[in-house]
Every structure is written in C-alpha cells, then in structure tokens.
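Q: One gets this note's numbering by counting positions in the sequence shown from 1 and adding 80 to each.
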Amino acid sequence: MSLHPFSRCIAAAAALLLLTATACSREPEEPGNGTPVSVTEPGTLNEIITPDRRPFITELTITGSLNHNDIAYIGQMPELRYLDLSAISLSGDFLPENAFANHPKLEEVLLPSSLDSIGTSAFRWSEQLQTVRLPRHLVAIGAYAFAGCKDLHDIDLPASLQRIGKYAFSGCISLHEIGIPAGLSIIADGTFSQCRTLAQVSIPSSVKTIGYQAFEGCDQLQAVRIPSTVKKVGIGAFQNCIGLIEISWPTSLTEIDNLTFAGCSSLTSITLHSQLTAIADHAFDGCKSLVEIHSKNSTPPQIGADTFRAVNQGICHVFVPSERARENYSTAPYWSDFLIYVE
Numbered sequence: 081m082s083l084h085p086f087s088r089c090i091a092a093a094a095a096l097l098l099l100t101a102t103a104c105s106r107e108p109e110e111p112g113n114g115t116p117v118s119v120t121e122p123g124t125l126n127e128i129i130t131p132d133r134r135p136f137i138t139e140l141t142i143t144g145s146l147n148h149n150d151i152a153y154i155g156q157m158p159e160l161r162y163l164d165l166s167a168i169s170l171s172g173d174f175l176p177e178n179a180f181a182n183h184p185k186l187e188e189v190l191l192p193s194s195l196d197s198i199g200t201s202a203f204r205w206s207e208q209l210q211t212v213r214l215p216r217h218l219v220a221i222g223a224y225a226f227a228g229c230k231d232l233h234d235i236d237l238p239a240s241l242q243r244i245g246k247y248a249f250s251g252c253i254s255l256h257e258i259g260i261p262a263g264l265s266i267i268a269d270g271t272f273s274q275c276r277t278l279a280q281v282s283i284p285s286s287v288k289t290i291g292y293q294a295f296e297g298c299d300q301l302q303a304v305r306i307p308s309t310v311k312k313v314g315i316g317a318f319q320n321c322i323g324l325i326e327i328s329w330p331t332s333l334t335e336i337d338n339l340t341f342a343g344c345s346s347l348t349s350i351t352l353h354s355q356l357t358a359i360a361d362h363a364f365d366g367c368k369s370l371v372e373i374h375s376k377n378s379t380p381p382q383i384g385a386d387t388f389r390a391v392n393q394g395i396c397h398v399f400v401p402s403e404r405a406r407e408n409y410s411t412a413p414y415w416s417d418f419l420i421y422v423e
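1. Given residue 149, which residues of its chain have a CB within under 6 Å of its CB, disregarding the five upstream and five downstream residues?
2. Given a cut-off of 9 Å, decide if residue 401 and residue 422 are closer than it, judged by their beta-carbon atoms.
3. Use the C-beta contact count for residue 268: other C-beta atoms within 10 angstroms, 16 or more gives buried, fewer gives exposed.
4. Would you call residue 228 buried or exposed, if buried means 16 or more other Cβ atoms sit within 10 Å of its Cβ?
5. Would you list the one or two residues that DSSP bridges to residue 371?
6. Just list the beta strand (DSSP E) runs in the region 201-233, keeping only unbroken ones of 3 residues or longer that don't cross its boundaries, in chain order.
7. What does residue 266 pair with, by DSSP beta-bridge criteria?
8. Could you give the DSSP three-state label for residue 324: helix, strand or coil?
9. Can the beta-carbon of residue 138 be found closer than 9 Å to that of residue 167?
10. Please identify the residue among 222, 183 and 130 whose C-alpha is closest to the C-alpha of residue 175.
11. Quick check: what's the CA-CA separation for residue 327 versus residue 312?
12. If you draw a straight line from the C-alpha of residue 298 to the C-alpha of residue 316, how long is it?
13. State the DSSP-derived secondary structure class of residue 305, mapped to helix, strand or coil.
14. Could you please give me the residues that DSSP links to residue 188 through a beta bridge?
15. My output table needs one value for residue 123: the three-state DSSP class, helix, strand or coil.
16. Can you tell me where the alpha helix (DSSP H) with residue 410 in it begins and where it stops?
17. The beta strand (DSSP E) with residue 259 in it runs from where to where?
18. Exposed or buried, residue 411, counting other C-beta atoms within 10 Å across all chains shown (16 or more means buried)?
19. Which same chain residues end up closer than 7 Å to residue 345 when comparing Cβ atoms and leaving out the 5 residues on each side of it in sequence?
20. Assign residue 337 to one of two classes, buried (16 or more other C-beta atoms within 10 Å of its C-beta) or exposed (fewer than that).
21. Would you check if the distance between the CB atom of residue 261 and the CB atom of residue 278 is smaller than 9 Å?
22. Just confirm the distance between the C-beta atoms of residue 253 and residue 274, as a whole number of angstroms; I'd bet it's less than 8 Å.
23. Would residue 192 and residue 165 be called neighbours here (beta carbons separated by less than 9 Å)?
24. Per the DSSP calculation, residue 118 is bridged to which residue(s)?
25. Assuming residue 361 and residue 387 make a contact with CB atoms under 8 Å, what is their CB distance in whole Å?
26. Between the C-alpha atoms of residue 172 and residue 307, what's the straight-line distance to the nearest angstrom?
27. Whole-angstrom Cβ separation of residue 414 and residue 383, contact assumed at under 8 Å?
28. Assuming residue 444 is part of the beta strand (DSSP E), what are its boundary residues?
29. Based on DSSP bridge pairs, tell me the residues matched to residue 112.
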C-alpha cells in the first residue's frame with residue numbers, strides 16, 4: 081500500500097532529522113578531559129584548546145612538541161588536576177621557571193621523558209601536588225622547585241641527577257622517605273628543611289658538602305649516617321630534628337659547626353671521634369636529653385660556654401679513653417662541668 085503524499089513528506093522530514101542528529105552525535109570530541117591533544121607546531125596549544133575552554137580542563141594528556149609559551153598556557157588552567165607530558169618534546173629539554181608555581185588544583189604530573197632540567201620554583205607552592213614522575217635522565221632540579229608542596233609524597237630522584245638547588249624540597253611536609261642519588265656531590269642549603277615527616281634519608285658516599293640547614297626541622301628523622309667523604313656540614317644542618325636519636329659523625333670532619341644539632345631534644349648519646357678538635361657554640365644547644373658523650377680524643381676538643389647549652393651537665397657523663405685524658409678533660413674549660421669517666 082502506497083503512502084499518501086503528505087505522509088511521505090512527514091516520513092522524509094523525520095528521516096532527515098534523524099540523520100542530522102546522528103551526524104551531530106558523531107562530531108569529534110573536543111581535546112582535553114580524556115581526549116589526548118596532539119600539538120604538531122610548538123606554540124599553538126592555545127589554538128587547539130581555546131581560551132574559553134581553558135577554565136574547564138581537569139585532565140590533560142599531550143603528545144607532540146611544546147615550547148615555553150605552551151607550558152605557561154597549561155599553567156593557567158585553574159582546574160587542571162592531572163597532567164601527562166611524558167610523550168612530548170620540550171624546547172631546550174628544560175621546564176621553565178615558575179612553570180606550575182602556585183597552581184591551585186594540580187595533583188599528578190608526568191614530565192617529558194627527554195627532560196634534563198627543572199627550573200627554579202617550577203612547582204613552588206602547588207599545595208595539592210601529590211605525585212610527580214621524573215624522567216630517568218634528569219640532571220638538575222632548580223632552587224625551590226618543589227618548595228611548599230605540602231601534599232607531595234611520591235617522588236623518586238633518578239640516578240642521573242647531579243644537582244639539586246637550595247630549598248628544592250623545603251616544606252614538603254608529606255615526604256616520608258627520600259633516596260639521594262649517588263651522583264650528587266652537594267646537598268644544598270635548606271634542601272629538605274621543614275620536611276616534618278621525613279623519617280628516612282640515605283646520604284651516598286658521593287656527597288662532599290651538606291649545606292646550611294639542609295635537614296633543619298625534619299621532626300621524624302631518627303638516625304643519620306654522614307659518610308666519610310663529607311668535608312663540610314653547614315650551620316644548623318640538623319637543627320631542630322627533634323626525633324633524632326643516633327648520629328654517625330665522619331672522621332673526615334675535625335669541627336662541628338654552630339647550631340648543627342641544636343634543638344635535637346631526643347638525642348641521648350653522641351660519639352666524638354679522635355680527630356675532632358673543635359665544637360662550635362650552640363652546636364648541641366637544646367639537646368636536653370643528652371646524658372652520654374663518648375670522646376675518643378685524649379685532647380679535649382675546644383668548646384664554648386653555649387656549646388651544650390640546656391644540657392644538664394650535672395648528670396651528663398663524658399667517657400674518655402684513658403686516665404690521662406680524664407685529667408685533661410677535668411681541667412679543660414667547660415668540659416670540667418661534666419662528670420668525667422674513663423671508658
């Protein structure tokens with residue numbers, strides 16, 4: 081039975097509407113938020129993800145090539161939480177300074193596999209950042225790069241790393257453990273200061289210098305072994321490590337600097353090796369639990385009036401190697417205030 085002409089018109093119109101709806105539903109998804117973005121020409125990310133869409137991007141995976149303008153554009157995506165840059169090439173293989181600093185939402189970042197350096201303050205004060213995957217061939221991390229990233233708890237420093245700038249991880253209060261690569265020769269000033277939950281740290285024999293306040297305020301750090309390769313430990317390097325109970329001090333160092341262990345209130349016993357000649361003022365200031373000092377040097381190391389300030393010298397025992405050494409310590413300035421015994 082043939083349809084009435086009017087009915088045929090209605091059917092045709094319905095079919096056209098259905099085709100239009102199907103075509104619309106098959107339009108390609110906009111890049112970002114689950115759809116990977118391919119950038120073939122550096123500097124064009126703002127054409128692929130237009131400024132009007134930028135505030136709505138929460139997840140972003142990019143392939144291709146980017147320049148520093150593209151990185152700055154990503155840093156201005158306020159809702160971005162997950163960023164995968166592992167498959168891109170970046171101009172100069174360098175993540176620029178302040179690239180993602182103060183980002184309000186960023187939680188996880190995978191950095192380019194070809195990257196060799198991270199700029200100063202690259203992630204500074206990105207307080208929601210939890211996980212960063214560093215490339216295997218990374219050589220340098222700039223000063224303050226992750227400073228103030230209070231939620232950062234998952235980061236592995238690659239074996240290729242040769243330089244970490246000052247205060248790079250300062251204030252990373254969720255960082256529990258860190259392995260320092262064997263190629264690092266300097267732990268710079270304040271590198272891990274105020275990492276309050278840092279409980280384990282391994283200092284490799286490649287390290288020659290530990291900087292000013294490098295581990296200051298690491299409340300949970302309990303034991304420190306300083307390798308014999310270390311030639312200098314800076315002022316206040318372990319100041320206010322209130323959980324520190326064990327120190328291995330290398331024979332390569334003949335002096336303990338000012339404030340080095342000040343405020344280490346859980347420290348009960350220390351051993352001073354035979355080559356030690358001087359301990360600066362306030363080096364053990366505030367070590368109120370200290371009750372035993374084992375000195376291997378028959379000649380008393382030079383100390384000042386405040387070297388052991390707040391230590392109860394009336395109950396603190398100093399053990400020395402011989403009776404002659406006991407006589408030396410018993411008459412030496414400030415050592416004579418302690419209880420002196422032969423080991």
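Virtual Cβ for every residue (Gly too), placed ideally from N, Cα, C.
Being a predicted model, the structure only gives us computed values, none of them experimental.
A: This is what the structure holds:
1. 123
2. Yes, Cβ-Cβ distance for residue 422 and residue 401 is below 9 Å.
3. Burial is judged here by how many other beta carbons sit within 10 angstroms of a residue's own beta carbon; residue 268 has at least 16 and is buried.
4. buried
5. Paired residues: none, contrary to the question.
6. Correct list: 211-213.
7. Beta-bridge partners assigned by DSSP to residue 266: 289.
8. coil
9. no
10. Ranking the options by Cα distance to residue 175, first place goes to 222.
11. 16 Å
12. Distance between the alpha carbons of residue 298 and residue 316 is about 12 Å.
13. strand
14. Answer is 162 and 211, bridged to residue 188.
15. coil
16. Where residue 410 is concerned, the enclosing alpha helix (DSSP H) starts and stops at 403-411.
17. Segment 257-259, the beta strand (DSSP E) holding residue 259.
18. By the Cβ neighbour-count rule, residue 411 is exposed, with fewer than 16 other Cβ atoms within 10 Å of its own.
19. Excluding sequence neighbours, residue 345 sits near 322, 366, 367, 368 and 369.
20. buried
21. no
22. Residue 253 to residue 274, Cβ: 7 Å. Contact.
23. yes
24. 143
25. That belief holds up - the Cβ atoms of residue 361 and residue 387 are roughly 6 Å apart, short of 8 Å.
26. 36 Å
27. 5 Å
28. The requested residue 444 is not part of the displayed model; the chain covers only 81 to 423.
29. 115
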